[in-house]
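Below is one structure, written out as structure tokens, with a few remarks after it.
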Amino acid sequence: MYRWDFDVLWQYWDLFLYGLWLTVVYTFGSILFGVVIGLVVCAARLSGWMILSLIARTYQEIFRCTPLLVQLLWFYYAFPLLVGISIDNRVAAMLTLSLYVGAFYAEIFRGGILSIEKGQREAAAAIGMSSWQAMTRIVMPQAFKRMLPSFINQSVIQFKNTSLVSVISVADLAYMAAVVNGQTYRPLESYTVMAALYIAVLFPLTQIADWIERRLRVSD
Amino acid sequence: MTNARDTGAPTVLEARGIRKSFGGLEVLKGVDLSLSRGEVVGLIGPSGSGKSTLIRCLNMMEKPTGGSVIFRGHAIGKSFRDRDGTTGIGTLRRHVGMVFQHFNLFPHKTVLQNVTEGPIVVCRTPRAEAEERAMALLAEVGLAEKCDAYPSHLSGGQKQRVAIARALAMQPEVLLLDEVTSALDPELVGEVLNVIRRLADGGMTMAIVTHEMAFAADVADRILFLDEGRIVVEGKPSETIRNPANERLAAFVARFNH
Chain A
1 MYRWDFDVLW QYWDLFLYGL WLTVVYTFGS ILFGVVIGLV VCAARLSGWM
51 ILSLIARTYQ EIFRCTPLLV QLLWFYYAFP LLVGISIDNR VAAMLTLSLY
101 VGAFYAEIFR GGILSIEKGQ REAAAAIGMS SWQAMTRIVM PQAFKRMLPS
151 FINQSVIQFK NTSLVSVISV ADLAYMAAVV NGQTYRPLES YTVMAALYIA
201 VLFPLTQIAD WIERRLRVSD
Chain B
221 MTNARDTGAP TVLEARGIRK SFGGLEVLKG VDLSLSRGEV VGLIGPSGSG
271 KSTLIRCLNM MEKPTGGSVI FRGHAIGKSF RDRDGTTGIG TLRRHVGMVF
321 QHFNLFPHKT VLQNVTEGPI VVCRTPRAEA EERAMALLAE VGLAEKCDAY
371 PSHLSGGQKQ RVAIARALAM QPEVLLLDEV TSALDPELVG EVLNVIRRLA
421 DGGMTMAIVT HEMAFAADVA DRILFLDEGR IVVEGKPSET IRNPANERLA
471 AFVARFNH
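As given, the protein sequences belong to chains A and B, one line each in that order. The numbering used here applies: residue 1 is where the first sequence begins, and numbers increase by one. The numbering used here applies: residue 221 is where the second sequence begins, and numbers increase by one.
See the structure below:
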């Protein structure tokens, strides 16, 4: 029978905490940049300009059809050779995570906007609204509600995806757990604590998300 | 009912030589139509005749492929904005309201918010004033007590009455009604028609696309019968719906008398 021993891990609590902090920073940082990228790409795709739409589409397909791990390796090891400047691993991590999630967000935003019936835009136009007013006051608020579940889902996946940045030596939670394991030779404890910390952050967040979704349903 | 045209009332909204094609299909083949102040024009015709397209061209919801829309003497241009409030599509729509077959209420806003949205956002009316006017309009269409309800909690007839109030909140000079009772259960048609009848009696200038022949004959000063993208017959209800001389119009009207 395995004898659990969490006591030896106590002296490394600051490593776990720092790792968790970085995981949170990379998650929310990349979500923030990803939303901006997603909005721009979504606007490009709905702009009606062939070239713009094609560029946006190409970007999306490249990032949706390659694994995040492959993208991280490429941006950290290959991209610097291409442009001739070295890139800090933290910058490469944030850049890749943002571009990756941005491609998915763009599709979620686009789907949400396209799901709003044409009649809504017409009704807004009929009372004299400009297309910008119709988009921001009528289409977007309804689309937001419809896209929220997919958006939250993608963001939860993003939180977990940040664990991949450990392969380019970014000291996130997964990386720190591996460090602690190397020091203590206690993989069961190290990795169990790591898993528990992921759950400790994500479970409350998914509960809050459910609550927000229910609140938004009042007009249905 | 008096014919506003005979009284010499000024023309408010006019369509000249309107053509509209969708792809290779020409739906309107050069249509002229003018609305005098206080006049009610009924547009009838078989489905596919172009009557909905015509009424949608009147507020540039469809951009005509040829011809022009003239509002208060100014030909409406291609851009939304204008400098002096004469030729912009935005200006046109501010003063020419439209009610749709499928209501198109904003589902994320309450009944009151649906009605105040236009005045507050487009006309920059202070909220309190917009709400006061909206409540008066809702009372007029018999829905004041539903002001805080969301559209999903209303019947079709109630939704359409709110949609009419929403259009009226812009204080339009002309109201365009596009088959506003076609999506309603038969027992709910009456309540909507009553609202429109009251508007007609109050002197509202309207263009009405409808399949309600008896209603059109009753409320309209003038009837236009469209067929295959052209106005085939034009005249008073007594000369058109009630006593059709034209063969195609006679056949069309006869189908509603069973």
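Ideal Cβ placement from N, Cα and C applies to all residues, glycine included. Predicted model, so just to flag it, every value in this text is computed and none were measured.
Does Ile138 of chain A get closer than 7 Å to chain E when you measure Cβ to Cβ?
Of the protein chains in the structure, A and B, none is chain E.
Spatial distance of Phe159 of chain A from Phe33 of chain A (CA atoms)
Cα to Cα, Phe159 of chain A sits roughly 14 Å from Phe33 of chain A.
Tell me, to the nearest whole angstrom, how far the beta carbon of Met390 of chain B is from that of Ile127 of chain A; I am working on the premise that it is less than 8 Å.
Right, the Cβ-Cβ distance comes to about 6 Å (below 8 Å), so this counts as a contact.
Whole-Å CB distance - Thr23 of chain A paired with Thr162 of chain A, under 8 Å assumed:
Approximately 5 Å separates the beta-carbon atoms of Thr23 of chain A and Thr162 of chain A; this is inside 8 Å, confirming the contact.
Take His431 of chain B as the anchor and find which of B:Asn477, B:Met318, B:Tyr370 has the nearest alpha-carbon.
Distance from the Cα of His431 of chain B is smallest, within the candidate group B:Asn477, B:Met318, B:Tyr370, for B:Asn477.
Identify each residue in the region 113-133 of chain A for which the Cβ-Cβ distance to at least one residue of chain B is less than 7 Å, and report them in chain order.
Within the region 113-133 of chain A, the residues whose Cβ lies closer than 7 Å to some Cβ of chain B are Gly119, Gln120, Glu122, Ala123, Ala125, Ala126, Ile127, Gly128, Met129, Ser130, Gln133, listed in chain order.
Mapping DSSP to helix, strand and coil, what is Thr58 of chain A?
Under the three-state reduction of DSSP output, Thr58 of chain A falls in the helix class.
With DSSP collapsed to three states, give me the class of Ala470 of chain B.
Of the three classes helix, strand and coil, the one that applies to Ala470 of chain B here is helix, per DSSP.
Taking just the CA atoms, how far does Arg313 of chain B sit from Ala229 of chain B?
Rounded to whole angstroms, Ala229 of chain B to Arg313 of chain B spans 22 Å at the Cα level.
Rounded to the nearest angstrom, how far is the Cβ of Ala383 of chain B from that of Asn324 of chain B, given a contact under 8 Å?
With a contact defined as Cβ atoms closer than 8 Å, Ala383 of chain B and Asn324 of chain B qualify at about 7 Å.
Between the region 140-154 of chain A and chain B, which residues of the former have CB atoms less than 8 Å from a CB of the latter, in chain order?
From the region 140-154 of chain A, only Pro141, Gln142, Lys145 have a Cβ closer than 8 Å to chain B.
Run through chain A and tell me which residues come within less than 9 Å of Phe480 of chain B, C-beta to C-beta.
Because chain B is modelled from 221 through 478, residue 480 of chain B falls outside the range shown and cannot be assessed.
Using a cut-off of 8 Å between C-beta atoms, extract the partners of Asp14 of chain A located in chain B.
Those within 8 Å of Asp14 of chain A in chain B number zero; the least Cβ separation is about 47 Å.
Cutting at 7 Å between CB atoms, please list the residues of its own chain near Gly29 of chain A, excluding the five before and the five after it.
Contacts found: Met94.
Are Ile290 of chain B and Glu234 of chain B touching if we call contact CB-CB under 7 Å?
Ile290 of chain B is a Cβ neighbour of Glu234 of chain B, given a cutoff of 7 Å.
Between the C-alpha atoms of Ala440 of chain B and Gly250 of chain B, what's the straight-line distance to the nearest angstrom?
Roughly 23 Å separates the two Cα atoms.
Return yes when the Cβ of Gly270 of chain B is within less than 7 Å of the Cβ of Leu446 of chain B, no when it is not.
Taking the C-beta atoms as reference points, Gly270 of chain B is found nearer than 7 Å to Leu446 of chain B.
Should Leu82 of chain A go down as buried or exposed, given a rule of 16 or more other Cβ atoms within 10 Å for buried?
By the 10 Å Cβ count, Leu82 of chain A comes out exposed.
Using the three-state DSSP reduction, which class does His328 of chain B fall into: helix, strand or coil?
Residue state, collapsed to three classes: coil.
Please name the residue in B:Arg468, B:Met426, B:Ala465, B:Asn466 whose C-alpha comes closest to that of Leu263 of chain B.
When B:Arg468, B:Met426, B:Ala465, B:Asn466 are compared, the shortest CA-CA separation from Leu263 of chain B is found for B:Met426.
Same chain, Cβ closer than 8 Å to Ala369 of chain B, five either side skipped, listed in chain order
These residues qualify, in order along the chain: Thr330, Val331.
When the Cα atoms are used, what is the spatial distance from Ile37 of chain A to Val394 of chain B?
Their backbone Cα atoms lie some 44 Å apart in a straight line.
Would Lys118 of chain A be called buried (16 or more neighbouring beta carbons within 10 Å of its own) or exposed?
Residue environment analysis places Lys118 of chain A among the exposed positions, since fewer than 16 neighbouring C-beta atoms fall within 10 angstroms of its C-beta.
Whole runs of the alpha helix (DSSP H) within the region 343-382 of chain B, excluding any shorter than 4 residues
List check, alpha helix (DSSP H) in window: 347-360.
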